[in-house]
Amino acid sequence: MDLEPHSVDPVIQRTCAECGAELTVREIEASMESGDVYLCSVHAAEQVPLDQEHEVEQ
Ligand SMILES: [Zn+2]
Numbered sequence: 002m003d004l005e006p007h008s009v010d011p012v013i014q015r016t017c018a019e020c021g022a023e024l025t026v027r028e029i030e031a032s033m034e035s036g037d038v039y040l041c042s043v044h045a046a047e048q049v050p051l052d053q054e055h056e057v058e059q
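Have a look at this one:
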């Protein structure tokens, strides 16, 4: 699996933090965009952005 070295990141996780499944390049890129937790597509879909949970109209 080749990752394009377009950025210098000290650590790139290649497995899902939840289930340990090996991530595809697309899943790794999506994880890097969304935050610091690396998840497979299944668990990434379950992940809810915490910041948006607190936006409550009063
Ligand atoms: Zn997973």
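Heads up, the sequence shown is in the working numbering, so the first residue is 2 and it goes up one at a time.
Quick reminder that beta carbons are idealized off the backbone N, C-alpha and C, glycines included.
Note that the coordinates shown come from a computational prediction; the quantities given were computed from them, not determined experimentally.
How would you label residue i, buried or exposed, when you count the other beta carbons within 10 angstroms and need 16 or more for buried?
i     : result
Ser35 : exposed
Would residue i and residue j be called neighbours here (beta carbons separated by less than 7 angstroms)?
i     : j     : result
Ser42 : Glu23 : no
Would the C-beta of residue i count as close to ligand 1, meaning under 6 angstroms from any of its heavy atoms?
i     : result
Ala22 : yes
Val38 : no
Glu30 : no
Glu19 : yes
Could you name the residues of the same chain whose beta carbon sits closer than 7 angstroms to that of residue i, not counting the 5 residues immediately before and after it, in chain order?
i    : result
Ala1 : Residue 1 falls outside the range modelled here, since the chain spans only 2 to 59, and no answer is possible.
With a threshold of 8 angstroms on Cβ separation, who are the neighbours of residue i within its own chain once the five nearest residues in sequence on each side are excluded?
i     : result
Ser32 : Gln14, Leu24, Val38, Tyr39, Leu40 and Ala45
Gln48 : Ser35, Val38 and Leu40
Thr16 : Ala22, Glu23, Leu24 and Tyr39
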